[in-house]
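Okay, structure first, notes after.
Number of protein chains: 2
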Amino acid sequence: MITRMSSLFLRTLREDPADAEVPSHKLLVRAGYVRRVAPGGYSWLPLGLRVLRKIERVVREEMEAIGAQEIHFPALLPREPYEATNRWTEYGPTLFRLKDRKGADYLLGPTHEELFALTVKGEYASYKDYPVTLYQVQTKYRDEARPRAGILRGREFVMKDSYSFDLDDEGLAESYRKHREAYIKVFGRLGVEYVIVSATSGAMGGSASEEFLAVAPTGEDTFVRSTGSDYAANVEAVVTPAPAEQPVEDKPAAQVHHTPNTPTIESLVDFLNGAGLGREFTAADTLKNVLVKLTRPGAGESELLAIGLPGDREVDFKRLEAAVEPAEVSMLDEADFTRNPFLVKGYIGPGALQANGVRYLVDPRVVRGTAWVTGADKADHHVVDLVQGRDFTPDGVLDVAEVREGDPSPDGAGVLVAARGIEIGHIFQLGRKYADAFGLDALGPDGKPVRITMGSYGIGVSRLVAVIAEQSHDDRGLIWPRNVAPADVHVVVAGKDETLLAGGERLAGELAEAGLDVLLDDRKASPGVKFADAELIGVPTILVVGRGLANGLVEVKDRRTGERVEVPVDDAVRHLLDVVRG
Amino acid sequence: MITRMSSLFLRTLREDPADAEVPSHKLLVRAGYVRRVAPGGYSWLPLGLRVLRKIERVVREEMEAIGAQEIHFPALLPREPYEATNRWTEYGPTLFRLKDRKGADYLLGPTHEELFALTVKGEYASYKDYPVTLYQVQTKYRDEARPRAGILRGREFVMKDSYSFDLDDEGLAESYRKHREAYIKVFGRLGVEYVIVSATSGAMGGSASEEFLAVAPTGEDTFVRSTGSDYAANVEAVVTPAPAEQPVEDKPAAQVHHTPNTPTIESLVDFLNGAGLGREFTAADTLKNVLVKLTRPGAGESELLAIGLPGDREVDFKRLEAAVEPAEVSMLDEADFTRNPFLVKGYIGPGALQANGVRYLVDPRVVRGTAWVTGADKADHHVVDLVQGRDFTPDGVLDVAEVREGDPSPDGAGVLVAARGIEIGHIFQLGRKYADAFGLDALGPDGKPVRITMGSYGIGVSRLVAVIAEQSHDDRGLIWPRNVAPADVHVVVAGKDETLLAGGERLAGELAEAGLDVLLDDRKASPGVKFADAELIGVPTILVVGRGLANGLVEVKDRRTGERVEVPVDDAVRHLLDVVRG
C-alpha cells in the first residue's frame, strides 16, 4: 500500500503544544498522530490510528493464542449490575454517570467485570462448560481528576480487558499464568521495556495481582526494584520486613520527661541529646503518631485512625490510600482537635489514643519488645523507653510508611532503588467477589453448585501508543519499532525534479508490490522540510531518492541509528525487504 | 482457522426471546450472535462480532477505494461545538447528555459533523489542501424514544460516518457521486436488496439527500416507488405534482350555504349531494383546514399554522414533522380554541384565518383557479365555489398530505406503490451550514477566503448485521451471504464415533490449511441437535461427516437451497474450495 503525503490528512507542527509536558505528548501532536478534542479526549489522525490498530492486532493475536474469545459489550451500561457490586458507589467521581430520557441511571464503563460475569452466568450452567476466557478491545471511560500527558492518561481510551472463569483456585492460577505469559509476548513484540511488579488491587477487590510497568522517567507510578534480586514492586505493594521481636523484661522502665518546646521530631531529638540521658538518640528511636480520618463509601461519618511509625519516616499517602481503599482518607481539622481534647498536638502518645478508643495501627518495625520515645499526651512532655507489648499494645499493623532507596529488599536480597513507570498491563486474580455478587455457579459433577472464580486482565492499548513513543524517540522525533510503525518505509523524494518524483513513484510501487506499506513524500516541499518531517514521523527506514539517482544510487537511512547506506537503485527493493523483514 | 464448538462461547436457544418481534432479532438471539444488556444495548458474542467485523471490512475497503482517509474521534464530546450549531438544543431528548466531575457539559456523539469541520479547520488552510474526505467507524449514541427490534434500532450502535470537504458545489457533487457509487458497491458486496430514495434531511440541514433503504416488510420507513419508472422516495420526500393553474374569471361566484350538522367531510358531502345544487360533490372537492401549533427550538411560545388540503386527504404527520423540522408540531387544545374564538370547529375557512393573521399554507393541489367547498367560519355554514387566487390567497404551499398508492408518480411515469424499508445508508450534501458555524475557509488562489462546502455520508454498520439477517433467513434459522458469514464451512461431525471425530478434525484441518474459516461441531451432542444448530447459525455451506465416511463419502449441504451432494472424502476439500470461492 502506498500512502501519498501530498494528499494525506497530516500537517506536522513546528511548535510543541502549549499543554504538553512529556515527550510522547509533544511528539505525537507535532507529528500529526493525535489531536486534542477535550480534556482527556483525543482524536486519532490517520497515522496515529494505524499505530493503534497495529497494537490492537498484536494484542488480539496473543489473546487468541491462549484461547481467549473476543466479544464486545456496550460502553453505555445500566446502573444495576454496578450497584450489585457496590462499584456504582465505590468508583466515586471517577465514574461518568448519566440518565436516559426516562430518568434511568447509566454509566460509561470503566471496566466490565459485572457484565462478563452476568453474561457467563446467562450462557453457561455446567462444570463441563468451564474454563472459559473472554476478552474485548473496548473504549473505556474514567473521569480522571487530572487527565494529563495526552493519551497517556485520557478520560476516553482503548483497553483490552479479559476475564477468566474457572472452577477452582488451581484453574484460576493457570489462567493467570497464561495471561502473564501472553502479556510478556505482547510487550516483547511491541518492543516495550517493562518490569512486572507486585501490585495492590485498586477498587477491584481480590488477591494476587501484578502490574506491567513500562520504565519511563515521566511515569506516574513509582516502583522499587532490588539491587540484589529481580524483586520489583509498586510502592503501594512493598511489604516492609519486620525485625525480630525482643524480650520486654530486660528493658528499662518507661519515664516521662519534661521536654519543653519539642513539638517536632527534630526539636525532640536535639533536646534529648542535650538532656544528659547517657545515650544518643536519633529520629528512628522516636515513635510518631499520625492521625487521619477515614470515610467509608456510603457512610456519613468518618472515624479516627492513628498510625504509629518511626519518627524518621513519613506516612506515604498513596500507600495509605491503597491500604484502606475503598475508604477515603482526610486530614484532621481544628474542629476535630477541639472535639477530641485528649489529642495534644505534637505530644500524642499511645496512652491517650488507646484510653479513648482510637484505632491504633503501627508500622511493621514497631514490634513487640521495641522501646520508643513518644508523646506523653501532655504539652511539652514525652515518655522515654515506652515498650511495645509491655507499656502499649497496638490494634494491629499498617504498612504505610514511605519506602526509601536503600531500604532492605523484602525478599532479603539487596536493597531497594526507586524507578518510575507507566502502567501498561494489570493481571489480577479477582477470586469470587463478582461470582458471589451475581451467584455465578456451575452445576458440579455431583449435582452441587460450584462457585466460579474469576481473573481480570487489562492492557492499556491506546496508552501503549504513547508509552512506545515515550521510550522510543530522540530530539528530532519519533522512532517507531518496526511492528507498530505506521509504514515500513518512508520514501522521500528529495527534489522537485520530475525524474526524481517518477523514480520515487516507481520504487514505492515496487515496494508496495512486494507487500510493504510505503509512505511516499511526493509533496512539492523542499528536501529540508521533508527530511525534518521524516525524522519527526519516525518510520524506522527512510529511502531517499535524490541527486544520486542520476548515477543509479539511492540512500537508505536507519531512523534510529542515523546510519546511511548508498544502494544501487536496481537493488533497492531487495535491500529494503531484507532490512524490513530482518 | 478452526473454531471448535466444544469450546466456543455459544449457547443456542430453542425459544424466541420474549421481547423479540422481528425475525432478525429472534434469530440473532437464538443463534447466539447477540445478547441484550440494556434497552437498546446489546453485547456481541463471538459469532456476531465476526459478522460485524466482516461488514466493517467491506465498508472500509470501499471507503479507501474512493480515497477517504480513516480517523477516529472520541464518542464523549464537549458541548461547545454542538452549541455553536444549535444541535445541542435541536437534538432534544435524543441526545445523551452528561456532566463531568467539574460540572462541564458533555454529550455522547450521535454524529460528528462539528468535530470533523473543526478538525479540518485546524489542519488545513490553503485551497491546495482540498478536497479531502475523512471517515470513521465509530460507536454512536442516540437515546431513541423506542429502542426496538434488537440491533435494528439500538441506542448504542456502530456507524461509518464520512464527511467530504470541497471548495465549490461541483466538488461537493463529485464527492457525493463517489460516495453514492461506493455505497452501491458496499451493499452489493453484502448482498443486500435495497432501493435508493430521495430523502428529507432530518436535523442536519442542507440540500440534496438520498437514503439507501433495505427492502423489508418489518422496516420502520415507508417509501413509495413508481410502477412506471425507477423513481423511489421516502414518503417525507415525495413532491406532489401540482395541476395546471386555471383562469379564475369563468368560475361561478362563491356562495355561503346553511349546512346544518356538517362538521365532518363525510357529513358535508352527503348534505351537499342532497341539497339540489345541480352537481355531484366528492370529498376531493372540499378544502379541509387543519390547525396545528409549531414550537421552534429554544422559543418559548408556539405559533398557529393552518394547513389547507383536499378533504379526501389527511395530513401525514411524519411528512409534516419533516417539513417543519426543527420546529416541533403539537395539536391545539381547548384553551387554544378559547383563546382564538374565530376558529369555529368543523367550519374553519380561509377567511377567518387570513383576517386574523394565522399563517395559511396549502397543499400543492390547491392551485390558483381551483374552486372549493370549505368552512364559512360560522357554525353549520360552508361556502361553495371559493376560488384560490380570487377569493383567498394562501401564504404558501406545504406538501404534507398523505401519499397514497395509486397517486401519480412525481416524475410523470406510472403511479406510486408503497413498500417498507430499513435505512442502511444516507448520503447528504450538507452544504455550508457547518462551515458557516465554524468559519471553515480555505485561502483561495487570489488570497481571498473560500467557504468550504461539506457532504456527510453514513452507513449503519451494526444495523446491517440485522438487516442481512432480516433479508436472509428461513424458518429454521439464518442464512448468511458468503461475504459476511461467520465461517466459510460448518463441519458437522454427525455421531460420537471416534473415527468420525478424527475424520472431521482432519477435514477441518485441511480446509483451514487451504485458507478457509471452519466452524467445527466437535461436541458430544446428537446429530439432530447439531443439524438444528447448523441451520440456526446459518453458515452457507455445511459439511456433514457421518456414516458415509466408512464408504469414503461425506455430504456437502447448501444452507440456502437445502441441496445435498455426496462427495468422495478425498475430493471434499477441492469441492468445498470451489463452492466457497465460487
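Protein chains in written order, with our numbering: chain A, 929 to 1510; chain B, 929 to 1510. Don't be surprised by glycine CBs; every beta carbon is placed ideally from N, CA and C.
Looking at C-alpha atoms only, which residue of the options is the closest neighbour of residue i?
i: Arg1296(A); options: Phe1115(A), Ala1212(A), Leu1237(A) and Pro1175(A); result: Pro1175(A)
i: Arg1332(B); options: Gly1474(B), Ala1430(B), Glu1164(B) and Leu1141(B); result: Glu1164(B)
i: Val899(B); options: Lys1088(B), Asp1461(B), Gly1432(B) and Leu977(B); result: Since the first residue of chain B shown is 929 and the last is 1510, residue 899(B) is not available in this structure.
i: Arg1007(A); options: His1040(A), Gly995(A), Val987(A) and Ala993(A); result: His1040(A)
i: Ala1101(B); options: Met1382(B), Gly1334(B) and Pro1145(B); result: Met1382(B)
i: Thr940(A); options: Arg1509(A), Ile1235(A), Ile1465(A) and Lys1485(A); result: Ile1465(A)
i: Asp1402(B); options: Leu1219(B), Ala1422(B), Arg1487(B) and Asp1198(B); result: Arg1487(B)
i: Pro1322(B); options: Phe1356(B), Leu1281(B) and Thr1047(B); result: Leu1281(B)
Given this structure, state the Cα-to-Cα distance separating residue i from residue j, to the nearest angstrom.
i: Glu1231(A); j: Glu1018(A); result: 18 Å
i: Asp1261(B); j: Ile1276(B); result: 16 Å
i: Ser1195(A); j: Gly1226(A); result: 41 Å
i: Asp1308(B); j: Leu1080(B); result: 50 Å
i: Ser1454(A); j: Ala1460(A); result: 10 Å
i: Ser1390(B); j: Gly1340(B); result: 38 Å
i: Met1132(A); j: Asp1097(A); result: Per-residue confidence for Met1132(A) stands at a pLDDT of 40, beneath the threshold of 50, marking its modelled position as unreliable; the derived number appears in the next sentence. So the alpha carbons of these two residues sit roughly 18 Å apart.
i: Asp1213(A); j: Val1312(A); result: 10 Å
i: Arg978(A); j: Val1252(B); result: 43 Å
i: Lys1306(B); j: Val1272(B); result: 6 Å
i: Glu943(A); j: Glu990(A); result: 38 Å
i: Pro1496(A); j: Arg988(B); result: 37 Å
i: Val1065(B); j: Phe1024(B); result: 19 Å
If I follow the unbroken beta strand (DSSP E) through residue i, where does it start and stop?
i: Phe937(A); result: Neither: Phe937(A) is in no beta strand (DSSP E) and is coded neither H nor E.
i: Lys1221(B); result: Leu1215 to Thr1223
i: Phe1151(A); result: Asp1149 to Ser1154
i: Ile1387(A); result: Thr1381 to Gly1388
i: Gly1236(B); result: Ser1230 to Pro1238
i: Glu1256(B); result: Glu1256 to Met1259
i: Ile930(B); result: Ile930 to Arg932
Start and end of the alpha helix (DSSP H) containing residue i?
i: Asp1097(A); result: Asp1097 to Arg1117
i: Gly1437(B); result: Glu1426 to Glu1441
i: Lys1361(B); result: Lys1361 to Phe1366
i: Arg958(B); result: Pro951 to Arg958
i: Gly1423(A); result: From DSSP, Gly1423(A) is part of no alpha helix (DSSP H); its letter is neither H nor E.
i: Met991(A); result: Pro974 to Ala993
List, in chain order, every chain B residue whose beta-carbon is nearer than 7 Å to that of residue i.
i: Trp972(A); result: Ile999 and His1000
Run down chain B in chain order and give the residues with a C-beta less than 9 Å from the C-beta of residue i.
i: Thr1146(A); result: Correct list: empty, because the minimum Cβ distance to chain B is about 23 Å.
i: Glu1041(A); result: Residues of chain B passing the Cβ test: none, with the nearest at roughly 14 Å.
i: Pro1013(A); result: Looking at the sequence itself, residue 1013(A) is Thr, so the reference to Pro does not match. Near Thr1013(A) there are no residues of chain B at all, since even the closest Cβ is about 16 Å away, more than 9 Å.
i: Arg1025(A); result: Leu1026 and Lys1027
Going along chain B in order, which residues have a C-beta closer than 8 Å to the C-beta of residue i?
i: Pro1021(A); result: Arg1029
i: Ala966(A); result: Pro1002, Leu1004, Leu1005, Pro1006 and Tyr1034
i: Leu977(A); result: Glu998, Ile999 and His1000
i: Ala1073(A); result: Arg1029
i: Gly1050(A); result: Arg963
How would you list, in chain order, the residues of chain A whose beta-carbon sits under 7 Å from the beta-carbon of residue i?
i: Ala1069(B); result: Just to set this straight, residue 1069(B) is Tyr in the shown sequence, not Ala. Per Cβ cutoff of 7 Å: Leu1004.
For a test of your reading of the model: does the CB of residue i fall under 6 Å from any non-hydrogen atom of the ligand FAD? Yes or no.
i: Ser1337(B); result: As for the ligand FAD, it is missing from this structure, which has no ligand bound.
Give the residues of chain A in contact with residue i, contact being defined as C-beta atoms less than 8 Å apart.
i: Leu1062(B); result: Phe937
What does residue i touch in chain A if you count any residue whose Cβ is under 9 Å from its own?
i: Glu1084(B); result: Pro1002, Ala1003 and Leu1004
i: Thr1047(B); result: Phe937, Arg963, Val965, Ser971 and Leu973
Using 8 Å as the Cβ pair cut-off and three pairs as the minimum, do the region 1149–1160 of chain B and the region 1349–1364 of chain B touch?
Output reads yes: the region 1349–1364 of chain B touches the region 1149–1160 of chain B.
For the region 1278–1295 of chain A against the region 1169–1189 of chain A, do three or more pairs of beta-carbon atoms, one drawn from each stretch, fall closer than 8 Å, so that the two count as touching?
The region 1278–1295 of chain A vs the region 1169–1189 of chain A: in contact.
Decide yes or no for the touch test of the region 1236–1252 of chain B against the region 1032–1046 of chain B: beta carbon pairs closer than 8 Å, at least 3 of them.
At 8 Å Cβ cutoff, the stretches do not touch.
Any chance the region 1076–1094 of chain B sits against the region 947–954 of chain B, with 3 or more Cβ pairs inside 8 Å?
Cβ pair count under 8 Å is three or more, so yes.
Assess, as a yes-or-no matter, whether the region 1314–1329 of chain B is touched by the region 1265–1279 of chain B under the definition of 3 or more beta carbon pairs within less than 8 Å.
Contact holds: three or more Cβ-Cβ distances are below 8 Å.
So, does the region 971–987 of chain B touch the region 991–1010 of chain A, judging by three or more C-beta pairs under 8 Å?
Enough Cβ pairs lie closer than 8 Å, so yes.
Report yes or no: do the region 1045–1060 of chain A and the region 1086–1100 of chain A share at least 3 C-beta pairs separated by less than 8 Å?
As far as the Cβ criterion goes, the region 1045–1060 of chain A touches the region 1086–1100 of chain A, which means the pair count is three or higher.
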